[in-house]
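Residue numbers (this note's numbering), protein chains in the order written: chain A, 87 to 631; chain B, 17 to 318.
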C-alpha cells in the first residue's frame with residue numbers, strides 16, 4: 087500500500103530565484119526504509135520538512151503530498167503530531183526539558199494524556215530502548231549518542247506510523263552511529279514503521295534501506311534499490327560525485343558489470359571468490375602511492391608525557407611519546423573518551439603535563455575546536471578572517487591581502503559576505519581553520535575535522551590539508567574516520583590507554599592492522615594485503631581479464 | 017559504598033523524610049513554618065527553634081549547629097538593640113537612654129523576633145533539602161503545567177549555557193592577543209558573550225521546532241510526574257492535621273497568646289489542657305526527625 091505520495095512537488099524559498107525542489111514525484115510504500123542523499127544544499131532537508139506539517143517551510147509551492155490519501159496541508163493537527171515523527175540533526179537542540187523521564191513525556195503531555203496512561207507508555211518505551219538505566223538522569227549528563235536515542239524514543243512514545251529523520255547521526259561518532267542505525271532497523275522490522283531519512287554517512291545505512299533517493303539541485307535523479315545504483319552512474323556526472331560517499335565495497339565493484347552491487351564486506355568477499363583473480367597481483371603496480379620522507383625536520387617532540395586532570399583522577403596520557411615532522415599530516419585514531427582531545431589540548435599548551443617533556447621548535451600551535459561556531463565572533467566570513475590578522479602586522483593593505491589570499495586558499499571567496507552561521511558545516515570548518523592559520527600558525531591541531539561533513543566536503547578538506555602540508559605546515563588530526571586518514575594522512579597511529587601504539591606510515595599502519603583498518607583492506611587482504619584505499623582496490627581489480 | 021564509621025546519629029543521617037509525597041512535605045513545612053510565624057507564644061517559638069536545630073544537627077552535623085547558634089545569637093542581639101533603641105512602647109521602663117525610655121517590653125519583643133527570624137532560616141534550610149527542583153516543578157505543575165514546563169526548560173538551559181561558555185573560552189584561547197591590556201581583555205569577554213548569545217539563539221530555533229512537532233500548543237497540556245500517593249502519606253497528613261487542630265483549638269480556647277505590649281504577659285501553664293498546646297506542636301516538629309532516625313537505625317542494624 088502506498089503510504090506517502092508526493093505529487094509534482096516544486097518549492098521555492100522567498101527571495102530565492104532557484105527552485106529548492108523541482109517537480110518531485112515519488113511514492114513510498116508502507117514499511118519502507120528510504121534514504122535520501124546528495125550534496126549539502128541539494129534540497130533533501132527541504133523535502134523532508136515538507137513531510138511534517140509543523141515544519142513545512144514558507145515559500146512558493148506547487149503540487150501536493152498525500153499521507154494515507156489525505157493532503158498534508160489539510161491534515162488535522164492531532165494527526166500531524168501523532169502520525170508523523172520528525173527527528174532533527176542536532177541532538178542537543180531538540181531536547182526541551184531537564185530530566186530524561188520528562189523529555190519522554192513531553193509529547194504525551196501535549197496531547198493532555200493522564201498520568202497513569204503516560205506512565206505506562208513511557209515504561210514500555212524505556213524498556214524497549216534500554217533507557218531504564220539512565221531514566222532518572224539529567225538530560226545534560228547524557229552522551230551525544232544517548233541524547234539522540236532519547237530524542238528518538240520521545241518521538242516513538244507517541245507511536246507514529248511514519249518516522250522522518252534528518253541526518254540523525256551526523257553529530258555522533260561511528261560506533262554510536264552504528265548503534266543508532268540498528269535501533270532504526272529494529273523499529274522498522276518490529277513495527278513496520280515507514281522510515282524516511284536523509285544521511286551522508288552511508289556505510290551503515292545502505293544495507294538497511296529498501297530504496298535510495300539521490301537529489302541534485304532540487305531534482306530527484308535516482309530513486310531505486312541501492313544495489314542497482316551502478317546502472318545510473320554512467321549517465322550522470324553528479325551522481326558520480328555523490329557516489330564517492332557510498333560504502334567503499336560498492337565503489338570498489340562499480341566497474342565490474344555486476345547485476346547487483348555488494349553492500350557489505352561479506353557480500354563483497356563472496357563476489358571476489360567467484361572472480362578469476364589469480365594474476366591480479368602480478369599486474370598490480372601502484373605508482374601513485376604517497377611516499378613519506380622520515381628524515382624531515384622534527385618540529386614537535388614529546389617524550390614520556392603523563393597527564394591527569396585531578397589529583398585522584400586517572401591518567402589520560404600514560405608515558406606517551408609523539409613526534410611530528412614539518413610538512414606532514416599525522417592522523418591519530420582511537421575510541422571515544424580515550425583522551426585524544428586531551429592529547430591535543432596538551433600539545434596546544436592549554437593543559438600542563440605532570441611529567442615528561444614536550445619540545446616545539448619556535449612554532450605557533452593552534453587548535454581548531456570540534457565546534458567551529460565557538461570561535462566565530464563577526465558578522466561576515468571576510469570580517470571573521472580579518473579578525474585573525476588584526477593584531478599581526480601594522481600595514482592595513484597587507485592585512486587585507488592576507489585575508490584575500492586565505493579566502494582563496496580555503497575556497498571561501500564566494501562566501502566572503504555571508505554570515506558565518508549561514509554557511510554549511512564544511513565551510514564553517516574551513517573558515518575556522520583559515521581564521522586560526524592567520525595567527526601565523528605552523529602546527530595545526532584538528533579535533534574530528536570530518537565530523538558532520540559529507541563526502542564532497544571531506545575530499546575538499548583533504549585537498550586543502552594536502553595543500554597546507556606542501557606549504558610546510560604540520561597537521562595533527564584526531565579522527566574516527568579511518569577512510570579519511572587512509573586517504574590523506576602521511577603517518578597514522580592509534581591512541582590507546584594513554585599511549586600512541588603502532589605509529590607508522592599510513593599505508594603500513596593499515597596493512598598491519600586486522601580490525602582497525604579500511605573497508606577496502608578488509609575486503610582484499612586475503613588476496614593482497616597491500617591494498618588500503620578504494621582507488622587501490624579499483625586499480626587492482628582493473629587487471630581482471 | 018559509603019562506610020558508616022561512627023555510630024553516633026549526628027551529621028550522617030540520611031533524610032528519608034524527603035521520600036514522602038511532595039504534597040505531604042509541603043503541607044508539613046507549611047504547618048510548622050506557618051505556626052512559628054503567626055502564633056505569638058514563647059514556648060512555641062522555642063520548640064520550633066530547638067527542633068529545627070536538632071534536625072539540622074542530625075542531618076548535617078555539629079558544624080552546622082555551631083553556625084546556626086552563632087546566627088541566632090547574632091540576630092537576637094541585633095534585634096534587641098534595634099528594637100530597644102527605636103521602640104519606646106511598654107510600661108516597664110528599665111532606664112533612660114538619651115532621654116528616651118528603654119522598656120522591658122521592647123527588649124523582649126526584640127529577642128523574640130530574633131529567635132523567630134532565625135528559626136525561619138533554620139527551617140528553610142530543611143525545606144530546601146526536602147523539596148528539590150523536581151518536586152517544586154510538580155507542585156507548580158498541579159496549578160499550571162506551563163509553569164512547570166518553563167521551570168524544567170530553565171533547569172535544562174543552565175548546564176547547556178555553562179558548557180557552551182567553556183567551549184567558547186577554550187576555542188578562543190588560540191585567538192587571544194598576546195597584548196593583555198584591560199581593554200583587550202574586556203573586548204575578548206564581550207566577544208565570548210556575544211558568541212554565546214548568537215549560538216544559543218540559533219539553537220533555540222531548533223528547540224522551538226522540536227517542541228511544535230511534538231504537539232506543543234495544540235491544546236490543553238497535562239503534566240507528567242513520577243510521584244505516588246501512598247498510605248503512609250495519608251497517615252502522616254492525617255496525624256499532623258489532627259495535631260494541628262488540637263494545637264489551634266487549645267491555643268484559641270485557652271487563650272494562650274503571649275502579649276508584649278503594652279505590658280509583657282506570658283501565659284502560665286497550670287492545667288493539663290494548657291500543655292496540650294506544647295505537646296501537640298512538639299510532636300509535629302519532632303516527627304520527621306524520628307522517622308529519619310528510625311530508618312537510619314534500621315539500616316545500621318543490617
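Every residue gets a Cβ at the ideal spot worked out from N, C-alpha and C, and that includes glycine.
**Request:** At 7 Å on the CB atoms, spell out the chain A contacts of residue 169 of chain B, in chain order.
**Result:** 182, 183
**Request:** Quick one: list the residues of chain B neighbouring residue 434 of chain A, beta-carbon separation under 9 Å, in chain order.
**Result:** 189, 190
**Item:** CB of residue 302 of chain A within 8 Å of CB of residue 124 of chain A, strictly
**Value:** yes
**Asked** What does residue 188 of chain A touch in chain B if you count any residue whose Cβ is under 8 Å from its own?
**Response** 168, 240
**Prompt:** Which parts of the stretch 150-222 of chain A are runs of the alpha helix (DSSP H), unbroken and 4 residues or longer, counting only runs that do not cross its ends?
**Reply:** 163-169, 177-180, 186-196, 201-215
**Message:** Against chain B, which members of the stretch 499-527 of chain A pass a CB distance test of less than 9 Å?
**Reply:** 507, 518, 521, 522, 525, 527
**Request:** Taking 8 Å as the threshold, find out whether the stretch 351-359 of chain A comes into contact with the stretch 606-624 of chain A through three or more Cβ pairs.
**Result:** yes
**Prompt:** Along chain A, which residues have their Cβ under 7 Å away from the Cβ of residue 222 of chain B?
**Reply:** 174, 176, 179, 180
**Prompt:** Can the beta-carbon of residue 288 of chain A be found closer than 8 Å to that of residue 333 of chain A?
**Reply:** yes
**Message:** Give me the chain B residues within the contact set of residue 461 of chain A, using Cβ-Cβ distance strictly less than 9 Å, ordered along the chain.
**Reply:** 184, 187, 188, 190, 191, 211
**residue 353 of chain A - DSSP class collapsed to helix/strand/coil** = helix
**Request:** Let me know if residue 72 of chain B comes out buried or exposed under the rule of 16 or more other beta-carbons within 10 Å of its beta-carbon.
**Result:** buried
**Prompt:** Where residue 125 of chain B and residue 56 of chain B are concerned, what is the direct C-alpha to C-alpha distance, given to the nearest angstrom?
**Reply:** 11 Å
**Item:** Opening and closing residue of the beta strand (DSSP E) in which residue 224 of chain A lies
**Value:** It is not in any beta strand (DSSP E) - residue 224 of chain A carries neither H nor E in the DSSP assignment.
**Prompt:** So residue 247 of chain A packs on residue 279 of chain A, CB below 8 Å; how close in whole Å?
**Reply:** 7 Å
**Message:** Between residue 453 of chain A and chain B, is any beta-carbon pair separated by less than 8 Å?
**Reply:** yes
**Request:** Report the residue from A:282, A:98, A:261, A:399 whose alpha carbon sits nearest the alpha carbon of residue 117 of chain A.
**Result:** A:282
**Request:** Would you check if there are 3 or more beta carbon pairs closer than 8 Å linking the stretch 195-213 of chain A to the stretch 244-252 of chain B?
**Result:** no
**Request:** List the residues of chain B whose Cβ lies closer than 8 Å to the Cβ of residue 195 of chain A, in chain order.
**Result:** 161, 165, 237, 238, 239, 240
**Asked** By DSSP, does residue 17 of chain B sit in helix, in strand, or in coil?
**Response** Confidence is the limiting factor: at residue 17 of chain B the pLDDT is only 39, short of 50, which leaves the residue's position unreliable, though a coordinate-based value still follows. In this structure, residue 17 of chain B counts as coil in the three-state DSSP scheme.
**Asked** Could you give the distance in angstroms between the alpha-carbon of residue 187 of chain B and the alpha-carbon of residue 509 of chain A?
**Response** 19 Å
**Message:** Could you tell me the alpha carbon to alpha carbon distance between residue 257 of chain B and residue 302 of chain B, rounded to whole angstroms?
**Reply:** 15 Å
**Proximal chain B residues relative to residue 191 of chain A, where beta-carbon distance stays under 8 Å** = 240
**Prompt:** Can you tell me whether residue 82 of chain B is buried or exposed, with buried defined as 16 or more other CB within 10 angstroms of its CB?
**Reply:** exposed
**Item:** chain B residues whose Cβ lies nearer than 8 Å to that of residue 52 of chain A
**Value:** Chain A is shown from 87 up to 631; residue 52 of chain A falls before or after that span and cannot be answered.
**Prompt:** Exposed or buried, residue 96 of chain B, counting other C-beta atoms within 10 Å across all chains shown (16 or more means buried)?
**Reply:** buried
**Prompt:** Along chain B, which residues have their Cβ under 8 Å away from the Cβ of residue 661 of chain A?
**Reply:** The structure shown does not extend to residue 661 of chain A, since chain A is modelled only from 87 to 631, so the question has no answer here.
**Request:** Please look up how many angstroms separate the CB atoms of residue 234 of chain A and residue 266 of chain A, rounded, as I've assumed it's under 8 Å.
**Result:** 6 Å
**Message:** Please state whether the Cβ-Cβ distance between residue 146 of chain B and residue 297 of chain B is less than 8 Å.
**Reply:** no
**Asked** Start and end of the beta strand (DSSP E) containing residue 445 of chain A?
**Response** 441-446
**Message:** To test your reading of the DSSP string, which unbroken beta strand (DSSP E) runs of 3 or more residues are found completely within the stretch 519-585 of chain A?
**Reply:** 529-533, 560-565, 577-582
**Message:** Quick check on residue 207 of chain B - is its C-beta less than 8 Å from some C-beta in chain A?
**Reply:** yes
**Asked** Out of curiosity, what's the CA-to-CA distance linking residue 245 of chain A and residue 157 of chain B?
**Response** 25 Å
**Request:** Please list the residues of the stretch 142-172 of chain A that have a C-beta atom closer than 9 Å to any C-beta atom in chain B, keeping them in chain order.
**Result:** 163, 164, 166, 167, 168, 170, 171, 172
**Message:** Just to check my reading of the structure: residue 446 of chain A and residue 386 of chain A have Cβ atoms closer than 8 Å, yes? What is that Cβ distance to the nearest angstrom?
**Reply:** 5 Å
**Among A:407, A:458, A:544, nearest to residue 211 of chain B - alpha-carbon criterion** = A:458
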